[in-house]
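For the sequence shown, counting from 1, position 36 maps to 36 in the UniProt record's numbering; every step adds exactly one.
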Amino acid sequence: MSTDTATPEAASTADRPPSPAPARAPKRRSWLGLWFVLPFVAVYAVFMIWPMLLGLYYSFTDKSLTGRPVEWIGLENWIEAFGDPAAMDSLWNTAWFTILSTPPLVVLGLAFALLAHRARRLGWFLRLSFFAPFVIPVSVVTMVWLWMYQPAGGLFNHYLGEWGLGGDHLWAFQQDAMGSVVVTTVWWTLGFNFLLYLAALQTIPAEVYEAADIDGANSLQKLWSITLPLLKRTTALVIVLQLIASLRIFDQYYLMAGGASNLATENVFIQYIYNSGFVGFRIGYASALSYILFACIIVIALIQFRLLSRRED
1 MSTDTATPEA ASTADRPPSP APARAPKRRS WLGLWFVLPF VAVYAVFMIW PMLLGLYYSF
61 TDKSLTGRPV EWIGLENWIE AFGDPAAMDS LWNTAWFTIL STPPLVVLGL AFALLAHRAR
121 RLGWFLRLSF FAPFVIPVSV VTMVWLWMYQ PAGGLFNHYL GEWGLGGDHL WAFQQDAMGS
181 VVVTTVWWTL GFNFLLYLAA LQTIPAEVYE AADIDGANSL QKLWSITLPL LKRTTALVIV
241 LQLIASLRIF DQYYLMAGGA SNLATENVFI QYIYNSGFVG FRIGYASALS YILFACIIVI
301 ALIQFRLLSR RED
């Protein structure tokens, strides 16, 4: 008669804790990758970091383009900037332009992306048509639109006159140049938002829409319950980028307001900074104004990210 009994050696082996795995030799860190990053870091430091630090220093001095010795004046430029009515008016003009231009650029970008995404035969033509204006130089864009805005001989007034809807002053924007710049900007920069939305739409799985079709959902229900929720992150990115771009408005506004007497208007903030620094030769004061705009952009971007992150939570 046999019994299953373990030998003392086997029992001691079973009770013994497992031996630790042999320690691996620490990996040697290679600094070779830094040599590939170094050219970009050097260019970024020279053309971005150093000018930012130098501009911050100049904002506390009376730096001038006249070549006079630079003196430290502390917060005088900042105090003058916040008390300057022209600076605050130009900042409000920039904010008003942002309020007028951002909603149509976001909504139309999404609408055109949906149209081009669903189109089968004409999809390539719609993509080309919606994105092509974005690659046109700003000087060409403003020249074309200024010609269309002209009170005498302009394209808009010509057809409005034939239809009996207005005279020579309807599309001249003599009293409000902001409207003409907003329309021009929407036409010119819409392609970028359109491209972002189109790329996001192409990442949505087709199976999601097939399941909605099985459940009997119509096009509006699929748009509201599937497409828009899945585009939340893209919409957040588009809004933030568009707010920053609109707050930095200068090119088309300067060319349209300065290139035609019938579009004379108040300055936007970057134009006021340009006038203060390169027309008035006050680099120190212009540096303080620049950092005020920089702070406004940072605050708006942080608030936007905060609100969007709360919605996602």
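Even for Gly, the Cβ is constructed at its ideal location relative to N, Cα and C. Remember, predicted model here, so these are calculated numbers, not experimental data.
For residue i, the three-state DSSP class (helix, strand or coil)
i           : result
residue 248 : coil
residue 76  : helix
residue 282 : strand
residue 30  : coil
residue 64  : strand
residue 59  : coil
residue 218 : coil
residue 207 : helix
Beta-carbon proximity list for residue i, same chain, < 7 Å, skipping 5 on both sides
i           : result
residue 244 : 297, 301
residue 98  : 243, 246, 247
residue 139 : 255
Selected residue, minimal CA-CA separation from residue i, among the options
i           : options            : result
residue 88  : 154, 182, 271, 151 : 271
residue 150 : 70, 256, 274, 200  : 256
residue 320 : 33, 57, 177        : Residue 320 cannot be examined here, being either before or after the span of the chain that is shown, 1 to 313.
residue 132 : 280, 189, 61       : 189
residue 268 : 96, 309, 137, 124  : 96
residue 65  : 292, 280, 291, 299 : 280
residue 108 : 277, 276, 198      : 198
residue 128 : 289, 50, 191, 160  : 191
residue 201 : 111, 51, 102, 34   : 111
residue 54  : 70, 41, 40         : 70
residue 292 : 32, 49, 92         : 92
residue 193 : 234, 179, 208, 212 : 234
residue 74  : 56, 90, 86         : 56
residue 137 : 299, 81, 119, 184  : 184
residue 290 : 36, 77, 33         : 77
residue 195 : 82, 250, 106, 50   : 106
residue 142 : 30, 295, 252       : 252
Beta-carbon proximity list for residue i, same chain, < 6 Å, skipping 5 on both sides
i           : result
residue 204 : 230
residue 240 : 301, 304
residue 148 : 154, 155, 156
8 Å Cβ shell around residue i - same chain, five flanking residues per side excluded
i           : result
residue 236 : 304, 305, 308
residue 186 : 101, 104, 105, 108
residue 72  : 60, 61
(message) In chain order, what are the residue ranges of uninterrupted alpha helix (DSSP H) at least 4 long that sit wholly in the stretch 87-140?
(response) Entirely contained in the stretch 87-140, the alpha helix (DSSP H) runs reaching 4 residues are, in chain order, 123-131.
(request) For the stretch 219-228 and the stretch 152-166, state whether three or more C-beta atom pairs, one from each stretch, are separated by less than 8 Å. (result) They do not touch, by the three-pair rule.
(request) Could you tell me whether the stretch 275-290 touches the stretch 41-61, using the rule of 3 or more Cβ pairs below 8 Å? (result) In the pairwise beta carbon analysis, the stretch 275-290 is classified as touching the stretch 41-61: at least three pairs are separated by under 8 Å.
(message) Quick test of the definition: if touching needs 3 or more C-beta pairs under 8 Å, does the stretch 45-59 touch the stretch 272-281?
(response) These segments do not touch.
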